[in-house]
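*Asks:*
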Amino acid sequence: MILVKESVALTFGGNKEPAALAEIVSMGGITTPVKRELIATLGSILHEKLLIPKTRFVLKVFGANISKL
63 MILVKESVAL TFGGNKEPAA LAEIVSMGGI TTPVKRELIA TLGSILHEKL LIPKTRFVLK
123 VFGANISKL
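Basically my numbering = 1-based index in the sequence shown + 62.
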């Protein structure tokens, strides 16, 4: 599922230049190499397609243990 909210004001580093904040939750766990690949891929998309500088986004990736849900 992807949700994009363009109408939300995001101030990052004290200014309102283009920026992004993303959170990815994996149901069933996720390995460190996969996390790194996701961050690299999403970072490239944000930079190349949406023109958001690499210094202006935060990507949070984590796995949820479904056995505890």
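Ideal placement from N, C-alpha and C gives every residue a C-beta, glycine not left out.
(1) At the level of alpha carbons, what is the spacing between LEU83 and GLU99?
(2) Would you mind sorting PHE119 into buried or exposed? The rule is 16 or more other CB atoms within 10 Å of its CB.
(3) Can you tell me which of ALA126, GLU79 and THR93 puts its alpha carbon nearest to the alpha carbon of LYS116?
(4) What's the call for LEU72, buried or exposed, on a 16-neighbour Cβ count within 10 Å?
(5) Determine the direct distance from the alpha carbon of VAL70 to that of THR94, and round the result to whole angstroms.
*Replies:* The answer reads as follows:
(1) By 1-based counting over the sequence shown, the position of residue 83 is 21. By 1-based counting over the sequence shown, the position of residue 99 is 37. Spanning the two alpha carbons is a distance of roughly 17 Å.
(2) Start at 1 with the first residue of the sequence shown, and residue 119 comes out as number 57. When all chains shown are included, PHE119 counts as buried.
(3) As a first step, residue 116 is located in the sequence shown; it is residue number 54 there, counting from the start. Among ALA126, GLU79 and THR93, the Cα nearest to that of LYS116 belongs to GLU79.
(4) Counting from one through the sequence shown, the residue named residue 72 turns up at place 10. Exposed is the call here.
(5) Position 32 of the sequence shown holds residue 94. Position 8 of the sequence shown holds residue 70. Cα to Cα, the separation comes out at about 30 Å.
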